[in-house]
Every structure is written in C-alpha cells, then in structure tokens.
Amino acid sequence: MTATKMDGKIAAAAIKEDLKARVAALAEKGVTPGLGTVLVGDDPGSHAYVRGKHRDCAEVGIASLRVDLPEDTSQERLAEEIARLNEDPACTGYIVQLPLPAHLHDNWALEQIDPDKDADGLHPTNLGRLVLGVEAPLPCTPRGIVDLLRRNDVPLKGAEVCIVGRGTTVGRPLGLLLTRRTENATVTLCHTGTRDLAEHTRRADIVVGAAGSPGLITGDMIRPGAVLVDVGMTRTEAGLVGDFDPSVWEVASKVAPTPGGIGLMTRAMLLANVVERAEKLAR
Ligand SMILES: Nc1nc(=O)c2c([nH]1)NC[C@@H]1CN(c3ccc(C(=O)N[C@@H](CCC(=O)O)C(=O)O)cc3)C=[N+]21
913 MTATKMDGKI AAAAIKEDLK ARVAALAEKG VTPGLGTVLV GDDPGSHAYV RGKHRDCAEV
973 GIASLRVDLP EDTSQERLAE EIARLNEDPA CTGYIVQLPL PAHLHDNWAL EQIDPDKDAD
1033 GLHPTNLGRL VLGVEAPLPC TPRGIVDLLR RNDVPLKGAE VCIVGRGTTV GRPLGLLLTR
1093 RTENATVTLC HTGTRDLAEH TRRADIVVGA AGSPGLITGD MIRPGAVLVD VGMTRTEAGL
1153 VGDFDPSVWE VASKVAPTPG GIGLMTRAML LANVVERAEK LAR
C-alpha cells in the first residue's frame, strides 16, 4: 500500500478563494480586514514565514501592516509597538512572530496582545476560552489540522488520535480541539516522558507528529491504514524534514506531509481568523 497525500496546497487554495469572496463582501460594508505582524530580529526562517503571510494577505485582499524590529529591541519598545497595534483600528488582527529573541519572553508578549485581535489564538484568554468551550479565535495549526482531515473525509467522531508533542501552539491545544463535543475524538497526548511511544502510536487511527524530532515515527510504529498528520518541521541539509520517517508511506492510508501539508493550512487559518474578526466588527 502507498498512502495518498492530504494536500495542504489544494485545501489552502480553496480556503483562500472562500475568504477572498468574504473580504469582497466586507468591502461593500466599508470594512477592510488588516493583519499586523511583529517580527523581532533577523532569523531568516522567521522572515520567510512573515513574507509568506503578507503574500497571502495580498492574494485575499487583506491589508497588511508590518512591524520589523531589530534583534536588540527592549521589552519596553516591543510593548509600545504591541500597544499601538491594540489601538490601531486598521489592524483587525495581528501576530507576534515566535520565537522571540531570548531576552524577550514569548508568553509575556502573548499576554500584551488584545485577546480580540489575537490572530494566532494563543493569548491565554483565548486558550482559556478553548478549555471552557466559549467562542474564540482558535490556534491556527490545530484548526488547520482539523480542517484538512475534514476535507479528506477522515472521520473524527470516536477516532483514536495519538498526538506526539505537548507544545503550546500545536499538541496541547489540538488535544482540546479534538475532544470538543463537535469533534468527539479520543486523544492520547504523548511527549518525551512517554514510556513506550510505539505502544500508543500503534493503537491510533490518526497519528499527529508535533514533536519536532526528524523521522521519530517509523512505519513499524503505526497501524496499517492509519491516517498521519506531520506537523514536525526541522531544517536539515536534506531540506525541511518532518516527524515521520518516509517508511510510513507504505503503511498509512493518508498522509499530510512536511512540506506541502499543515504549514500551508496554518497560514490559511491565520487569514480565516483575521477575516472572521472583521466580520464580527461589521455586524
Ligand atoms: N506567532 C506565530 N504564529 C505562527 O503561526 C508561527 C510562529 N509564530 N512562528 C513560527 C511558526 C511556523 N509557522 C509556519 C507557517 C507556515 C509554514 C509553511 O508555509 N510551510 C510550507 C513551506 C515550507 C518551506 O519550504 O519553508 C510547507 O510546509 O509546505 C511553515 C511554518 C508558523 N509559525
């Protein structure tokens, strides 16, 4: 058996087409969604991601506001820029690109964002709303994973999902999302303290690799016909490498690969969060 690819590029294109129409409808009401980005330092990877986000905005008709700050930016200076975006009516949603340089603190920065402008869905208030089951912007990567599975007709109700990785942007919030009544999956959240990882991955209908450990999950660790979602993204000499070893393609039924899978969905969901917030303002 060779697995079929769950194509993030195709799904993201469909999402962007839908958003484009909704942005046009908002324009008739005099509302233009605007995405802000705050980028500190000169990490080439982070610059590439932020460039991609602004390219997406242009495609869909979202205005973009870009704030680039030097590596040695002080916490006070960053707080000022964040406060400015919180006040700016042209900015309907924004992100602070993570990770920040070590002298600034990711969690501190997230707390400075107006929760209603939190395009990433990572503000503690919004993560708390996710726990409570109250409406809120959802974290982009978990939202993108659920959307891609739906589009590829992967049933979630009653499914056994093994998530490998407990990070605050993917693993942990994905567990919350999948166990809502609307998804109703059963989740096992594995991490570096898990005693026997293969024991858990082998039982799962769906395995999500979100550990950032290249090739961690091999073909012998998954059940034949399993659905795999690769969120791992490690830059190596061989290019961008995910958490699944290529041997899984002979065992699985469907795979969302790295690259070409969830990264593109994450970007599309960021746009969706910004457009949805603008739609709320237009009501
Ligand atoms: N506040 C914040 N929000 C984020 O959403 C956020 C962040 N910080 N920091 C970094 C991570 C990483 N991330 C990616 C988004 C898209 C691709 C993407 O489009 N990947 C493509 C191309 C990959 C390539 O070739 O470089 C693919 O997987 O096919 C990758 C990674 C968002 N992040």
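Numbering (my numbering), first residue to last: 913 to 1195.
All C-beta atoms, glycine included, are put in the ideal place defined by N, C-alpha and C.
Given the structure is predicted, the values throughout are model-derived calculations rather than measurements.
Query raised in the report: Beta carbon of L1152, beta carbon of D968: below 8 Å?
Result: Start at 1 with the first residue of the sequence shown, and residue 1152 comes out as number 240. Start at 1 with the first residue of the sequence shown, and residue 968 comes out as number 56. No. Outside cutoff.
Next item on the list: Could you name each continuous beta strand (DSSP E) segment of 3 residues or more that falls completely within the stretch 1115–1185, going from the start of the chain to the end?
Entry: 1118–1121, 1139–1142, 1146–1148, 1151–1153 and 1166–1168
- Message: Checking the sheet assignment: what are the DSSP bridge partners for C1102?
- Response: To locate residue 1102, count along the sequence shown from 1; it is residue 190. According to DSSP, C1102 bridges with V1076.
Where S986 sits in the DSSP three-state scheme:
In the sequence shown, counting from the first residue as 1, residue 986 sits at position 74. Coil, per DSSP.
query: So, V1160 versus T1113, is the Cβ gap smaller than 8 Å?
result: Locating residue 1160 in the sequence shown gives position 248, where the first residue counts as 1. Locating residue 1113 in the sequence shown gives position 201, where the first residue counts as 1. No, the pair does not count as a contact, with Cβ atoms beyond the cut-off.
* Answer yes or no: do L1043 and L1088 have a C-beta to C-beta separation smaller than 8 Å? => As a working note, residue 1043 is residue 131 in the sequence shown. As a working note, residue 1088 is residue 176 in the sequence shown. In the sequence as displayed, the identity of residue 1043 is Val instead of Leu. Their beta carbons are under 8 Å apart, which means V1043 touches L1088 by this criterion.
Q) Hey, would you say I1134 sits closer than 8 Å to L1101, going by beta carbons? A) Translated into the one-based positions of the sequence shown, residue 1134 becomes position 222. Translated into the one-based positions of the sequence shown, residue 1101 becomes position 189. No; because the gap between Cβ atoms is not below 8 Å, this pair is not in contact.
- Query: Taking C-alpha atoms, which residue in K941, I1057, T1081 and E971 lies nearest to T1170?
  - Reply: Here the question's residue 1170 lines up with position 258 in the sequence shown. The shortest Cα separation from T1170 among K941, I1057, T1081 and E971 belongs to I1057.
Of the listed residues H966, P982, L981 and E983, nearest to A975 (C-alpha basis): Sequence index remark: in the sequence shown, residue 975 carries index 63 (1-based). Checking every option, the nearest Cα to that of A975 belongs to H966.
Q | Reduced DSSP category for R978 - H, G, I as helix; E, B as strand; rest coil | A | Here residue 978 is taken as the residue at index 66 of the sequence shown, counted from 1. Looking at R978 - three-state DSSP - the assignment turns out to be strand.
Flag this pair as yes or no: are the beta carbons of G973 and N1185 separated by less than 8 Å?
Your numbering for residue 973 matches position 61 in the sequence shown. Your numbering for residue 1185 matches position 273 in the sequence shown. Going by C-beta atoms, G973 is not nearer than 8 Å to N1185.
Residue nearest to I1025 in terms of C-alpha spacing, selected from G957, L1086 and G948: As a first step, residue 1025 is located in the sequence shown; it is residue number 113 there, counting from the start. Among G957, L1086 and G948, the Cα nearest to that of I1025 belongs to G948.
Distance between beta carbons of V952 and L1200, contact taken as under 8 Å: Because residue 1200 is not part of the residues shown, which for the chain are 913 to 1195, the question remains open.
The beta strand (DSSP E) that contains V1046, what's its start and end? As a first step, residue 1046 is located in the sequence shown; it is residue number 134 there, counting from the start. No beta strand (DSSP E) contains V1046, which DSSP labels as neither H nor E.
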